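Engineer: Okay, here's the structure, questions in a sec.
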Amino acid sequence: MSIEELKSLLESGRVNEDQDVIRTYSDDWTGRYKGFTSTVIFPHSTDEVAKILSWCSTNQVSIVPQGGNTGMVGGSVPLNGELIISLRKMDNVSFSNTNKNQIVAEAGATLLKIQNLASERGLIYGVDFAARDSATIGGTIATNAGGLNVLRYGTTRRQIISVEAVTGTGKIIGNLNGLEKDNTGYHLPSLLCGSEGTLAIVTRAKLQLWPEPEETVAILFGFNTIEDAVNLTEACMTANTEIIACELFFQKGVDLVRESYDLQPLWDNKNSIYLLCEFAGDSGIFDRLSVNVLGKILQTHDSVLVATTDRERQRLWQYRELHTVAVSQKGIPLKLDVTIPLGNLPHFLNSIDTICDNINPLSSPYVFGHAADGNMHLNILQSEPNVAEMEEEILKFVVSLEGSISAEHGIGRAKAPYLHFQRNEDEIRLFREMKKAFDPEGILNPEVIFSTGN
Ligand code: FAD
Ligand code: MLT
Ligand code: ZN
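With this note's numbering, letter number 36 in the sequence shown gets 42, and the count goes up by one each step, no holes.
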């Protein structure tokens, strides 16, 4: 078999073999996974994806599906010369013609493109995070991406009404009927969401949109103890505060972001723990907040910044959203993305520095994340040469606290060696059998989720 044969099945220009172009697709965003391949293929339709996968399975050619290549677990790049199938050229979006609150998106459409179309009708898409300008619908479905508003709208899984995909043998499955109630066998959107390109390539999806809140207010609180920050998180979630985001971060990360982007101090550094909360609903939201569970803290607490305009909110959000890029500019971090039950979160967060210090006193952990989901991101710089030891120790600690070793980024290659920390042998065997059913030749992302060890 030769790639010329594949080219002959496709329109011209779909197959790129220029190494200068390929390099921008073969290394991952974190810089930790540097891949190589001879070819990037850019299908423009579901039928072309089907033709490509049929040819690849007949010829047992492994592939890596790729969207925006912003994934954080080494799942989107070819480490063994796999062909890249980039969905970027499939980026059409349109409103559903049968349901005013739904959008039809091709896999390569970015979150931003969907958000912009939704806003034309005074609607919003429920998933949002800092990589919105490059993360794609296909990638966010494949990783079941979470982001900033999970506590209000859920993860990507909650946004998908219907999905169309192509299996490892080139069979087109799914539909775009947009029916919330369609109990006709296994639910493909749920099955494929979080499958990380190992079961099928998602080509199109019909997505739920939500009414745009009339008013949004951001409030930044400063605390001296993690317990106080977690207590407020729980208070905001149990009372009806119309909370839509709740992000926790620390002085060390704020100092790094300020240094990297020349930002003003938020207040003098007497508080080293930050909780950025956002509330959205009908107008008059701040008045309602002032008389509910937040009322007392808004009157008495000495480190509170309130942002009611878009501009003021963006100013506060940059201190949180720039963490990932600021850390990555300093080096290639060991990236952990874990979930901890809120009740165990203070203990977890109070232990991290000591764990890292005991393993490697030169390591430098930055911690930040989605507090309401218990989802913390650890970006640990200078963890070499103890990366594996540090990763194993922290992930075992997470499991001991009844947490998850991967909250929203997926397993990819990065966490594959640790999947058995969380899933038992029978489950992993079942996952492998499911993969065999969808991808009998094992050509779809062969090393993702499953490591040779488990
Ligand atoms: P890629 O990186 O291209 O691929 C990711 C995985 O999906 C790979 O395994 C790939 O093979 C597979 N894949 C891609 N397209 C398809 C398809 N069409 N069909 C089947 N499989 C496919 N993630 C969060 O969840 N929450 C956050 O808050 C968040 N914040 C981020 C902030 C920054 C600054 C950055 C850089 C990343 C962030 N991410 C976050 C991580 C990343 O954006 C998500 O994992 C996202 O879902 C990846 O989308 P992508 O299109 O870039 O996918
Ligand atoms: C975030 O919430 O900023 C991301 O998930 C990215 C990260 O883990 O760095
Ligand atoms: Zn995140």
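Note that beta-carbon positions come from the ideal geometry of N, C-alpha and C, so glycine has one too. Treat the numbers as computed from the prediction; the structure is a model and nothing was measured.
Can you check which of these residues, 285, 306, 337, 298, is closest to residue 316 by C-alpha distance?
Structural biologist: Ranking the options by Cα distance to residue 316, first place goes to 285.
Engineer: Can you tell me whether residue 319 is buried or exposed? The criterion is at least 16 other CB atoms within 10 Å of its CB, across all chains shown.
Structural biologist: That one is buried.
Engineer: Between the segment 267 to 281 and the segment 210 to 218, do three or more beta carbon pairs fall short of 8 Å?
Structural biologist: Short answer: they don't touch.
Engineer: Could you have a look at residue 425 and say whether DSSP puts it in helix, strand or coil?
Structural biologist: Three-state DSSP puts residue 425 in a helix.
Engineer: For residue 72, tell me which candidate among 62, 63, 78, 83 has the shortest Cα-Cα distance.
Structural biologist: Checked all of 62, 63, 78, 83; the closest Cα to residue 72 is 83.
Engineer: Drop a sphere of 10 angstroms on the beta-carbon of residue 25, count the other beta-carbons inside from all chains shown, and report buried for 16 or more, exposed for fewer.
Structural biologist: So residue 25 counts as exposed.
Engineer: Below 7 Å CB to CB, which residues in the same chain sit around residue 329 once its five sequence neighbours on both sides are set aside?
Structural biologist: Taken in chain order, the residues that qualify are 255, 259, 263, 372, 374.
Engineer: Going by C-alpha distance, which of 424, 161, 106 is nearest residue 456?
Structural biologist: Among 424, 161, 106, the Cα nearest to that of residue 456 is on 424.
Engineer: Extract the residue ranges of the beta strand (DSSP E) inside the segment 385 to 441, only unbroken runs of 3 or more that lie entirely within it.
Structural biologist: Those beta strand (DSSP E) runs which fall completely within the segment 385 to 441 and span 3+ residues do not exist here.
Engineer: Using 8 Å as the limit for Cβ to Cβ distance, is residue 50 near chain B?
Structural biologist: Considering every chain present, this structure includes no chain B. It has just one protein chain.
Engineer: Hey, which residues come within less than 5 Å of the ligand MLT, measuring from Cβ to any heavy atom, in chain order?
Structural biologist: With the cut-off at 5 Å, the residues found are 330, 383.
Engineer: With burial defined as no fewer than 16 other Cβ atoms inside 10 Å of the residue's Cβ, what is the status of residue 142: buried or exposed?
Structural biologist: With 16 or more other Cβ atoms within 10 Å, it is buried.
Engineer: Which ranges would you report for the beta strand (DSSP E) in the segment 87 to 168 if only whole runs of at least 3 residues count?
Structural biologist: Entirely contained in the segment 87 to 168, the beta strand (DSSP E) runs reaching 3 residues are, in chain order, 89 to 92, 99 to 101, 108 to 112, 129 to 131.
Engineer: So is residue 195 buried or exposed if we call it buried at 16+ other beta carbons inside 10 Å?
Structural biologist: Buried: at least 16 other Cβ atoms inside 10 Å.
Engineer: Report the residue from 444, 440, 416, 401 whose alpha carbon sits nearest the alpha carbon of residue 454.
Structural biologist: Closest option to residue 454, Cα to Cα, is 416.
Engineer: With distances taken from CA atoms, which of 381, 389, 383, 380 is nearest residue 367?
Structural biologist: For the residues 381, 389, 383, 380, the minimum Cα distance to residue 367 belongs to 389.
Engineer: If we ignore side chains and look at the alpha-carbon of each, how far apart do residue 334 and residue 36 end up?
Structural biologist: Spanning the two alpha carbons is a distance of roughly 7 Å.
Engineer: Would you say the beta carbon of residue 176 is closer than 7 Å to some non-hydrogen atom of the ligand ZN?
Structural biologist: It does not: the Cβ of residue 176 is nowhere closer than 7 Å to a heavy atom of the ligand ZN.
Engineer: To which residues of the same chain is residue 232 closer than 7 Å at the C-beta, ignoring the five residues directly before and after it?
Structural biologist: 279, 352, 355, 356.
Engineer: State the beta-bridge partners of residue 317 as determined by DSSP.
Structural biologist: Bridge partners of residue 317: none, in fact.
Engineer: Under 8 Å, with one C-beta from each stretch per pair, do the segment 133 to 149 and the segment 109 to 122 reach the 3-pair mark?
Structural biologist: Touching, yes.
Engineer: Here's the rule: buried if 16 or more other CB atoms are within 10 angstroms of the residue's CB, otherwise exposed. What is residue 297?
Structural biologist: Its Cβ having fewer than 16 others within 10 Å, residue 297 is exposed.
Engineer: Taking the C-alpha atoms as reference points, what is the distance between residue 226 and residue 332?
Structural biologist: So the two alpha carbons sit approximately 20 Å from each other.
Engineer: Where does the unbroken beta strand (DSSP E) through residue 209 begin, and where does it stop?
Structural biologist: Segment 206 to 217, the beta strand (DSSP E) holding residue 209.
Engineer: Given that a residue counts as buried once 16 or more other Cβ atoms are within 10 Å of its Cβ, and exposed if not, what is residue 339?
Structural biologist: Residue 339 should be labelled buried.
Engineer: Taking 8 Å as the threshold (C-beta atoms), are residue 157 and residue 252 in contact?
Structural biologist: In contact: residue 252 and residue 157 (Cβ atoms closer than 8 Å).
Engineer: Does any heavy atom of the ligand FAD sit closer than 7 Å to the C-beta of residue 93?
Structural biologist: Yes.
Engineer: By Cβ distance, which residues of its chain are closer than 6 Å to residue 154, with the 5 residues on each side in sequence left out?
Structural biologist: Taken in chain order, the residues that qualify are 134, 135, 251.
Engineer: Span of the beta strand (DSSP E) holding residue 353?
Structural biologist: Where residue 353 is concerned, there is no enclosing beta strand (DSSP E), although the alpha helix (DSSP H) it sits in stretches over 351 to 365.
Engineer: Rounding to the nearest angstrom, what Cα-Cα distance links residue 31 and residue 434 in this structure?
Structural biologist: Those two C-alpha atoms are separated by around 30 Å.
Engineer: Can you tell me the Cα-Cα spacing of residue 167 and residue 447, whole angstroms?
Structural biologist: Distance between the alpha carbons of residue 167 and residue 447: 29 Å.
Engineer: Could you check the C-alpha separation between residue 34 and residue 295 for me, to the nearest Å?
Structural biologist: Those two C-alpha atoms are separated by around 42 Å.
Engineer: Rounded to whole angstroms, how far is the Cβ of residue 428 from the Cβ of residue 405, which I believe are closer than 8 Å?
Structural biologist: Yes, they are in contact, since the Cβ atoms of residue 428 and residue 405 sit about 7 Å apart, within 8 Å.
Engineer: Counting pairs of Cβ atoms below 8 Å between the segment 64 to 79 and the segment 88 to 101, do you hit three or more?
Structural biologist: Yes, since at least three Cβ pairs between the segment 64 to 79 and the segment 88 to 101 fall closer than 8 Å, the two stretches touch.
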